[in-house]
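Taking it in order: structure first as structure tokens, then the write-up.
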Amino acid sequence: MRLTVAQALLRFLANQWSERDGVERRLISGVFGIFGHGNVAGIGQALAERGAGIGDALPYYLARNEQAMVHTAVGYARTLDRLSTFACTTSIGPGATNLVTGAALATINRIPVLLLPGDVFATRVANPVLQELEDPRSFDVSVNDALRPVSRFFDRINRPEQLPSALLAAMRVLTDPAETGAVTLALPQDVQAEAWDWPEELFARRVWHVARPVPEPAALERARTLLRSSRRPLIVAGGGVIYSGACAELAEFAEEYGVPVAETQAGKGSLRHDHPCNVGAIGHTGTAVANALARKADLVIGIGTRYSDFTTASRTLFGQARFLNVNVAAFDAAKHAGTMLVADAREALRVLGPDGWRAGWTFERPERAVLEGFTQAVVLDAVNDAVGEDGVVVNAAGSMPGDLHRAWRAAGPHSYHVEYGYSCMGYEIAGGLGVKLAAPEREVFVLVGDGSYLMMAQEIATAVQEGVKLIVVLVDNHGFASIGGLSEAVGARRLGTAYRARGASGGLDGELLPVDLAANAASLGADVLRAGDRAELVSALVKAREAMRTTVVYVRPETGSGVGASAWWDVPVAEVAENPEAREARVRYEEAKREQRIYL
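Read in order, the letters of the sequence shown correspond to residues 1 to 600 in full-length UniProt numbering.
Shown next, in the form of structure tokens:
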């Protein structure tokens, strides 16, 4: 079958399927792309030839930013438990390098996404081409090599003959729960347009089985022995619980053995917020109840978590506890010198509990905070009510993830979608678009601060173009609230964290900038509602739910995010400083540092 490399690539992708528990779905649900000279004659021509409409097996979507389209693919794949994703194509140069942040986010969060950046000529006859990086050490280096450290698999296709093996390797990584992340196939622009005679077998329908590794018998017995010796165990539920579809098994295990369950950001929703064993968020942004239990626990059972510093409060939270780690990835299962149980979370929970054993302690449930005024916490509480049982909240970096982690009442898995592995500003709207594409029957509420909005709001236009409805709650607090508070805490005096004009002092401490973000959202095609207090916000959210198109609800809350931190986070403070705030912060830092330990 004689096709160009790009035509063969798309024909192959349209015939790839994932399968888990007997359920099959398309592995690559479509292609997001922005075209330039590096991909328009290759992948662009191949997509145009296919028709690339929504009815096609591989529909095309136009994005506004290359980083954003990776975020959309991540939001989509996470919502579908990593069983389906998108491909993202770019031209060479800045289009390709814009992928790097999105690729890092995908890989850090263990989410599959296929990246197809254009590359410079493999033949080199026209070099240097427009946007080419010339490296005097080697002609084999291009800007795409920046994607190597943030990709779980990277290959450059310099000859058509290389494509089949590269495609098979890429699909393997995308469907491996322990290895998945960003997968990059760099495609030189001349090679994309080059024709070759392909074996028809390459384009046969291929189903990739997504494995559920079962516990090794000896490892399972070691885990059970550890459980039998524990009186005060605490489960830390991570994203792996949700991706595995193990929420029912987690609830059954916790109830049968009397074990409290604390949740990471990715694991929030593993149990309903009102489940009697759910003690809420864990770590720096955790509940007082969960963190008190963590300090007293003699065994931490980590299920599907990678133990970020927010989860462990920078290794100050878990006292002298031992660790039992259930994870599909041995890398994560080995952390903190834990007893390793390398297995799928659902399969492990079904067999983990030893006969006759039960935890020997009682625990309380977190209480709902009393909120007043129109602070950010009040805004989030009102949105929580509006989201209800069937909606999804989407958020990422800034001050809101902490408030959400601690106080949000999650109705279950996939009702809470906060990207905090990479804490990437600008993820929110693009990620929300991916969530909505994956779950069109659900109302998707995107919470975004003004800082993140100004970094990447343009995918509102993509949502409008595609007729995809989002409810965007835009919280304007005139700058970077989270890092502003941190800056003050370490003695950096909130430098560069407020959106103000340059004042008489020469610093950025003048008048608030006359920026109207609501008007900006309207200019991108969204309907806009403004709310000045809780009552107006509740009314606006009702209207937004009833609306048929993307709606932005704009609010300016009172200063202060509300709930604060209940455990430490290691952010180094200047050891020597002139200003007294930094010196005082250093004293506090050294005191907290004494509680930090290496788990051996």
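Each residue gets a CB set at the ideal place from its N, CA and C atoms; glycine is no exception.
Exercise. How far does the beta strand (DSSP E) with residue 154 in it reach, from first residue to last?
Worked result: For residue 154, the enclosing beta strand (DSSP E) starts and ends at 153–156.
For this session: Give the range of the alpha helix (DSSP H) segment to which residue 247 is assigned.
Result: 247–257 is the extent of the alpha helix (DSSP H) around residue 247.
Exercise. Over what stretch of residues does the alpha helix (DSSP H) that includes residue 309 continue unbroken?
Worked result: According to the DSSP assignment, residue 309 belongs to the alpha helix (DSSP H) that extends over 309–312.
For this session: Could you tell me whether the segment 261–278 touches the segment 239–247, where touching means 3 or more Cβ pairs closer than 8 angstroms?
Result: Yes, the segment 261–278 is in contact with the segment 239–247.
For this session: Mind checking which residues open and close the alpha helix (DSSP H) that includes residue 473?
Result: Counting along the chain, residue 473 sits inside no alpha helix (DSSP H); it lies in the beta strand (DSSP E) bounded by residues 471–475.
Exercise. Closest by CA to residue 306, which one among 556, 70, 109, 71?
Worked result: The shortest Cα separation from residue 306 among 556, 70, 109, 71 belongs to 109.
Problem set entry | For residue 18, the three-state DSSP class (helix, strand or coil) | Residue 18: strand per DSSP, three-state reduction.
Problem set entry | Other residues of its chain near residue 210: CB distance less than 7 angstroms, five sequence neighbours each side excluded | Non-local C-beta neighbours of residue 210 in its own chain, meaning closer than 7 angstroms and more than five positions away in sequence, comprise 18, 19, 20, 83, 175, 177, ordered along the chain.
For this session: Please list, in chain order, all residues of the same chain as residue 334 whose beta carbon is under 8 angstroms from its beta carbon, the five residues on each side excluded.
Result: Taken in chain order, the residues that qualify are 325, 340.
For this session: Would you kindly check if the distance between the Cβ of residue 391 and the Cβ of residue 428 is under 8 angstroms?
Result: In this structure, residue 391 does not lie closer than 8 angstroms to residue 428 by Cβ.
Exercise. Based on the DSSP secondary-structure assignment, which residues constitute the bridge partners of residue 323?
Worked result: Answer is 300, bridged to residue 323.
Exercise. Could you give the distance in angstroms between the alpha-carbon of residue 316 and the alpha-carbon of residue 483?
Worked result: Using only the alpha carbons, I get a separation of about 22 angstroms.
For this session: Please specify which runs of the beta strand (DSSP E), each continuous and at least 3 residues long, are wholly inside the segment 160–246, giving them in chain order.
Result: 182–188, 195–197, 206–209, 233–237, all fully within the segment 160–246.
For this session: Quick one: give me the first and last residue of the alpha helix (DSSP H) that residue 434 is part of.
Result: Per DSSP, residue 434 belongs to the alpha helix (DSSP H) from 427–438.
Exercise. Which same chain residues, not among the five before or five after residue 336, have their C-beta less than 7 angstroms away from its C-beta?
Worked result: Within the same chain, Cβ atoms closer than 7 angstroms to the Cβ of residue 336 are found at 307, 323, 599, the five residues on either side in sequence being excluded.
Exercise. To which residues of the same chain is residue 98 closer than 6 angstroms at the C-beta, ignoring the five residues directly before and after it?
Worked result: Sequence-distant partners of residue 98 (beyond 5 residues in either direction) whose C-beta falls short of 6 angstroms from its own C-beta, in its chain, are 66, 67.
Exercise. In chain order, what residues of the same chain lie with their CB nearer than 6 angstroms to the CB of residue 197, ignoring the 5 residues before and after it?
Worked result: These residues qualify, in order along the chain: 2.
Exercise. Between the segment 193–208 and the segment 158–174, do at least 3 Cβ pairs fall closer than 8 angstroms?
Worked result: At 8 angstroms Cβ cutoff, the stretches touch.
Problem set entry | Unbroken beta strand (DSSP E) run spanning residue 340, endpoints | Per DSSP, residue 340 belongs to the beta strand (DSSP E) from 339–342.
Problem set entry | Unbroken alpha helix (DSSP H) run spanning residue 487, endpoints | From DSSP, the alpha helix (DSSP H) with residue 487 extends over 481–489.
Exercise. What distance in whole Å lies between the Cβ atoms of residue 125 and residue 158, which are believed to be in contact at a cut-off of 8 angstroms?
Worked result: Residue 158 to residue 125, Cβ: 14 angstroms. No contact.
Problem set entry | Whole-angstrom distance between residue 589 and residue 312, CA atom to CA atom | Their backbone Cα atoms lie some 17 angstroms apart in a straight line.
For this session: Starting from the C-beta of residue 494, find all residues in its chain whose C-beta is less than 6 angstroms away, skip the five residues before and the five after it, and write them out in chain order.
Result: If we look at residue 494 and ignore the five residues flanking it on each side, its Cβ neighbours are 484, 487, 488.
Problem set entry | Beta-carbon proximity check, residue 63 vs residue 32, cutoff 8 angstroms | Note that the C-beta distance between residue 63 and residue 32 is below 8 angstroms.
For this session: Would you check if the distance between the CB atom of residue 354 and the CB atom of residue 222 is smaller than 8 angstroms?
Result: No.
For this session: Can you give me the start and stop residues for the alpha helix (DSSP H) that residue 26 sits inside?
Result: No alpha helix (DSSP H) contains residue 26, which is instead part of the beta strand (DSSP E) from 23–26.
Exercise. Is the beta carbon of residue 548 less than 8 angstroms from the beta carbon of residue 469?
Worked result: Closer than 8 angstroms, so yes.
Exercise. Span of the alpha helix (DSSP H) holding residue 8?
Worked result: 5–13 is the extent of the alpha helix (DSSP H) around residue 8.
Exercise. In the structure shown, what three-state DSSP assignment does residue 295 receive?
Worked result: Three-state DSSP puts residue 295 in a helix.
Exercise. Since residue 453 is in the alpha helix (DSSP H), which residue starts that stretch and which ends it?
Worked result: Here the alpha helix (DSSP H) through residue 453 covers 450–455.
For this session: Just confirm the distance between the C-beta atoms of residue 380 and residue 400, as a whole number of angstroms; I'd bet it's less than 8 angstroms.
Result: Sure, about 7 angstroms apart at Cβ, within 8 angstroms.
Exercise. In three-state DSSP terms, what is residue 478?
Worked result: If DSSP states are grouped into helix, strand and coil, residue 478 belongs with coil.
Problem set entry | Extent of the continuous alpha helix (DSSP H) to which residue 586 belongs | Element bounds for residue 586: 580–593.
Problem set entry | residue 394 - containing beta strand (DSSP E), residue span | Looking at the DSSP string, the run of the beta strand (DSSP E) that includes residue 394 is 392–395.
Exercise. With which residues is residue 88 paired in a DSSP beta bridge?
Worked result: For residue 88, which the question treats as bridged, DSSP gives the partners 32, 115.
For this session: Report all residues from its chain with a CB closer than 8 angstroms to the CB of residue 28; omit the five preceding and five following residues, and keep chain order.
Result: Within the same chain, Cβ atoms closer than 8 angstroms to the Cβ of residue 28 are found at 13, 14, 16, 58, 84, 85, 86, 87, 114, the five residues on either side in sequence being excluded.
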